[in-house]
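**Q** full-length UniProt numbering applies: residue 1 is where the sequence shown begins, and numbers increase by one.
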Amino acid sequence: MGLFSKLDVGPLELGDYLAIGAIFSATDSVCTLQVLNQDEAPLLYSLVFGEGVVNDATSVVLFNAIQNIDINHFDVFVLLQFIGKFLYLFFTSTVLGVAAGLLSAYIIKKLCFARHSTDREVAIMILMAYLSYMLSMLLDLSGILTVFFCGIVMSHYTWHNVTESSRVTTKHTFATLSFIAEIFLFLYVGMDALDIDKWKLASSRYLLLSMNNYLTVRTV
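#1: Distance, Cα to Cα, residue 89 vs residue 22?
#2: Which residue marks the beginning of the alpha helix (DSSP H) containing residue 64, and which one marks its end?
#3: Is it buried or exposed for residue 24, if we count other Cβ within 10 angstroms and need 16 for buried?
#4: Let me make sure I understand the geometry here. Which of 142, 146, 170 has the alpha-carbon closest to that of residue 122?
#5: Is residue 149 close to the ligand MG? I mean its beta-carbon at under 7 Å from any heavy atom of the ligand.
#6: Checking 8 Å against the spacing of the C-beta atoms, do residue 108 and residue 158 come in under that value?
#7: With the cut-off set at 8 Å, would you say residue 60 and residue 29 are in Cβ contact?
#8: Is residue 41 buried or exposed, if buried means 16 or more other CB atoms sit within 10 Å of its CB?
#9: Taking only three categories from DSSP, how would you classify residue 88?
#10: Should the region 75-86 be regarded as contacting the region 125-140, the criterion being three or more beta carbon pairs within less than 8 Å?
#11: With DSSP run on the structure shown, which of helix, strand or coil describes residue 22?
#12: Between residue 41 and chain E, is the shortest Cβ-Cβ distance under 8 Å, so that the two count as touching?
#13: For a test of the three-state rule: what should DSSP assign to residue 37, helix, strand or coil?
#14: Can you check which of these residues, 58, 55, 53, 66, is closest to residue 15 by C-alpha distance?
#15: In chain order, what residues of the same chain have a beta carbon less than 7 Å from the beta carbon of residue 217, not counting five sequence neighbours either side?
#16: Using a Cβ-Cβ cut-off of 7 Å (strictly less than) and excluding sequence neighbours within five positions of residue 124, which residues of its own chain qualify?
#17: Give me the residue from 75, 36, 162, 183 with the minimum Cα distance to residue 110.
#18: Reducing DSSP to helix, strand and coil, say where residue 142 ends up.
#19: In the structure shown, what three-state DSSP assignment does residue 185 receive?
#20: Where does residue 164 sit, in a helix, a strand or coil, going by DSSP?
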């Protein structure tokens, strides 16, 4: 609290401090993943990556739950409302992601136009993952959690229904997109943090929104 008062970001309420705590509580596994090699230690890489993504997604869900309840009049009812909101966002986002992943596996396996065509199989995998994210955001759920579980289901079911060429293409496509996103993220955050005027003129809502957007992009 003393740090944000010195930064002169404006008056912060209890809900703002809780939202900041929810964002800062997420562990950053990006540096650890840069040291590990996915080909040499696939299990360890998957465990560290999954733990980091789940932590980031949980922080975003907590952030959204805090923003949707009245913290200033805190009582037992507000506490139960917060727990219910968190569980609702978590489980509904998970169910939506699993459903989207199973739907993609069914489309590629059963529909004739999508079978044995590398272009169509790769397009369906990418579009279904994006569709799950967009549906989650339209329903005010956690898009990160939805696309995460959608990816897990697709790796277990959809992945085994596509051809070998589609597997290679998909693997390199997502690896390239991930690499580009990481470069853009680090460059943008590093350059934007040097703008002192934004820190002087920042309000509490702008600060929370910026940190939430950073956590969202980093997880995706």
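Glycine is no exception: its CB is placed at the ideal position from the N, C-alpha and C atoms. None of the values given here were measured: they were computed from a predicted structure.
**A** This is what the structure holds:
#1: In a straight line, the C-alpha of residue 89 is about 15 Å away from that of residue 22.
#2: From DSSP, the alpha helix (DSSP H) with residue 64 extends over 42-67.
#3: The residue in question, residue 24, is exposed, as its Cβ has fewer than 16 Cβ neighbours within 10 Å.
#4: Per the Cα distances, 170.
#5: Absence of the ligand MG is noted for the structure shown, with no ligands found whatsoever.
#6: By the CB criterion at 8 Å, residue 108 and residue 158 fall inside the cutoff.
#7: In this structure, residue 29 does not lie closer than 8 Å to residue 60 by Cβ.
#8: So residue 41 ends up on the exposed side.
#9: Look at residue 88 here: in three-state DSSP terms it is helix.
#10: Flag = no, the region 75-86 and the region 125-140 do not touch.
#11: Here DSSP, grouped into helix, strand and coil, assigns residue 22 to helix.
#12: Absent from the structure: chain E. Only one protein chain is present.
#13: Three-state DSSP puts residue 37 in coil, outside helix and strand.
#14: Of 58, 55, 53, 66, the smallest CA-CA separation from residue 15 is found for 66.
#15: Note that residue 217 scores a pLDDT of 49, beneath 50, so its modelled location is shaky and nothing firm can be said.
#16: Contacts found: 104, 107, 108, 114.
#17: Ranking the options by Cα distance to residue 110, first place goes to 162.
#18: Residue state for residue 142 is assigned as coil, using DSSP reduced to three classes.
#19: Under the three-state reduction of DSSP, residue 185 is assigned to helix.
#20: Residue 164 carries a helical assignment under DSSP once its states are collapsed to helix, strand and coil.
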